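In what follows, a structure is listed as structure tokens, so that the remarks can point back to it.
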DNA sequence: AACTATTTTTAAGTATACTTAAAAATTTAT
DNA sequence: ATAAATTTTTAAGTATACTTAAAAATAGTT
Ligand SMILES: [Mn+2]
Ligand SMILES: [Mn+2]
Ligand SMILES: [Mn+2]
Ligand SMILES: [Mn+2]
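Residue numbers (our numbering), protein chains in the order written: chain A, 22 to 245; chain B, 22 to 245.
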């Protein structure tokens, strides 16, 4: 299937995970195309039996569409893991490369990469890597920093973004998958979260506190 | 530039190296497209200043086209080198993957791969890898087996093919980049070459004896 | 040199993946 | 409930990269 189709199916999959309002417009925004193009593509994918399309209704992936999405996501996260391990590249850079490489990787090569890395269950952002059958065996017990308790110490389990500025910020302050942070104060009304990392106190706004995921202990989501 | 453009420019470059008859038809055959499509593309590339096009004349790359070709070739051969080193993949498989990956690789990633491998000068087929400026510093002193002398012993310096059957044949008989072979007899009239590898005698027809390149000694083309 | 075969070019048409503009439906706000 | 705002859809059109069919030019053969 084409790059456009794979990216579209992946975007639908990811959006459906987060919200229950997966209509053309959101996908269009995500992919940087017009709403008209997204509607058009949705219709085409319905013909290919990759999703169910009904005018003005939510887009819902078929089993086939779901498999395709997971296969692309698998390749994306395996590439990220490999590039991160082998080369000194930032989280943002590995994401950018993986966004392209994911579409040009045979299942065979994906399996080789996975094997080489010891079949990792998480990528460098803390996102789970589906296995060769498209199955995610790990359960995610993490939650966003915005919902963490004052005074408690957590482990970063996921940095859910693909924004360069965010990753630069993370790199600068030691916000890294697996690292420990303490929530010193929650400013509920102003939607800000104050944390302590490496003895530095940082005040996060909502944009950042809702894409940084943490776990209470090192158990589940940390397997690196 | 698009995949189609990159593959076209690369095909022109490679053909011009071998022959002096680089017209649309040959490129069309190489890329598996119609002659009409090749002529069409040639015209478009002329507008983009990637090659010089004159009706019924040879296609000649511009400096810009040449650079693009070398950049794609560099990425191709770096990928082949990396995949060959890291994973247990055949020469044919690494070529297949590289044919796609070469178009989705940033210059930055290419440099990282090169660095990681110690800036190799040759890929696993024995083909030279251009440096980041598109320069090939090695000089190729090798020649085809069909032109080798009876009784002499040589070192395989290049396996110039992308045919699976050929690579299977090579793997089966120990014909590998860097290995030693002896030419036991040249059947000039019948265009066949008899060689001895690992104490086995093999009779090669013209198809194979003209794509296996050898060197007299281990000097130039062997730097693995 | 003339004829034939081959190659190249032109012409017309297709599929994919987009665009903008306007109509239709839905959602939100008053 | 009505009006306004937003989103979705339709319609028409574009660029890229191909196709087949036929015309034109070149290259090879007698
Ligand atoms: Mn990513
Ligand atoms: Mn992608
Ligand atoms: Mn190759
Ligand atoms: Mn290619």
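Glycine is no exception: its CB is placed at the ideal position from the N, C-alpha and C atoms.
Here the structure is a predicted model, which is why all the values come from computation and not from measurement.
- For residue 110/B, the neighbours in chain A by C-beta distance under 9 Å run, in chain order, 129, 130 and 133.
- With a beta-carbon spacing of about 5 Å, residue 134/B and residue 103/B fall inside the 8 Å limit used to define contacts.
- Residue 138/A is outside the set of residues whose beta carbon lies under 8 Å from a beta carbon in chain B.
- The C-beta of residue 193/A has fewer than 16 other C-beta atoms within 10 Å across all chains shown, which makes the residue exposed.
- Per DSSP, the beta-bridge partners of residue 73/A are 81/A.
- In this structure, the C-beta of residue 124/B approaches ligand 4 to less than 7 Å from one of its heavy atoms.
- For residue 28/B, the distance from the CB to the nearest heavy atom of ligand 4 is below 7 Å.
- The Cβ of residue 121/A sits closer than 8 Å to at least one Cβ of chain B.
- Ligand 3 never approaches residue 192/B closely enough for any of its heavy atoms to be under 7 Å from the residue's Cβ.
- The beta carbon of residue 22/A does not come within 8 Å of any beta carbon belonging to chain B, so the residue lies off that interface.
- For residue 110/A, the three-state secondary structure derived from DSSP is coil.
- The continuous beta strand (DSSP E) containing residue 213/A extends over residues 213 to 218.
- The three-state secondary structure of residue 198/B, taken from DSSP, is coil.
- Within the stretch 90 to 108 of chain B, contact with chain A at the beta-carbon level (separation under 7 Å) is assigned to 107 and 108.
- Here the stretch 144 to 163 of chain B lies against the stretch 93 to 113 of chain B, with 3 or more beta-carbon pairs under 8 Å apart.
- DSSP places residue 177/B within a strand segment (E or B) once states are collapsed to three.
- Ranked by Cα distance from residue 173/B, the options 238/B, 80/B, 227/B and 152/B are led by 238/B.
- Checking the 7 Å criterion, the Cβ of residue 120/B is within range of a heavy atom belonging to ligand 4.
- The Cβ of residue 125/A sits closer than 8 Å to at least one Cβ of chain B.
- Boundaries for residue 231/A: no alpha helix (DSSP H) harbours it, and the DSSP string shows neither H nor E there.
- With contact defined as three or more Cβ pairs closer than 8 Å, the stretch 48 to 63 of chain A and the stretch 108 to 126 of chain A are not in contact.
- DSSP places residue 224/B within a strand segment (E or B) once states are collapsed to three.
- About 12 Å separates the CB atoms of residue 67/A and residue 45/A; that is not less than 8 Å, and the two are not in contact.
- With fewer than 16 neighbouring CB atoms inside 10 Å of its own CB, residue 208/B falls in the exposed class.
- In the structure shown, the three-state DSSP call for residue 38/A is helix.
- Looking only at 222/A, 215/A, 219/A and 220/A, the smallest Cα-Cα distance to residue 231/A is reached by 215/A.
- Residue pairing by DSSP places residue 87/A in no beta bridge whatsoever.
- Within the DSSP bridge table, the entry for residue 164/B names 235/B as partners.
- For residue 153/B, the closest alpha carbon among the candidates 75/B, 163/B, 161/B and 88/B is that of 88/B.
- Taking 8 Å as the threshold, the shortest C-beta distance from residue 27/A to chain B does not fall below it.
- Nearest Cα to residue 100/B within the set 223/B, 170/B and 122/B: 122/B.
- Distances from the alpha-carbon of residue 81/A to those of 137/A, 43/A and 55/A put 43/A closest.
- Residue 98/A counts as buried, since at least 16 other C-beta atoms from the protein chains shown sit within 10 angstroms of its C-beta.
- Neighbours of residue 118/A in chain B, taken as residues whose beta carbon is under 9 Å from its own, are 125, 126, 127, 129 and 130 in chain order.
- Between residue 222/A and residue 120/A, the alpha-carbon positions lie close to 34 Å from each other.
- In the three-state DSSP reduction, residue 23/A falls in the coil class, being neither helix nor strand.
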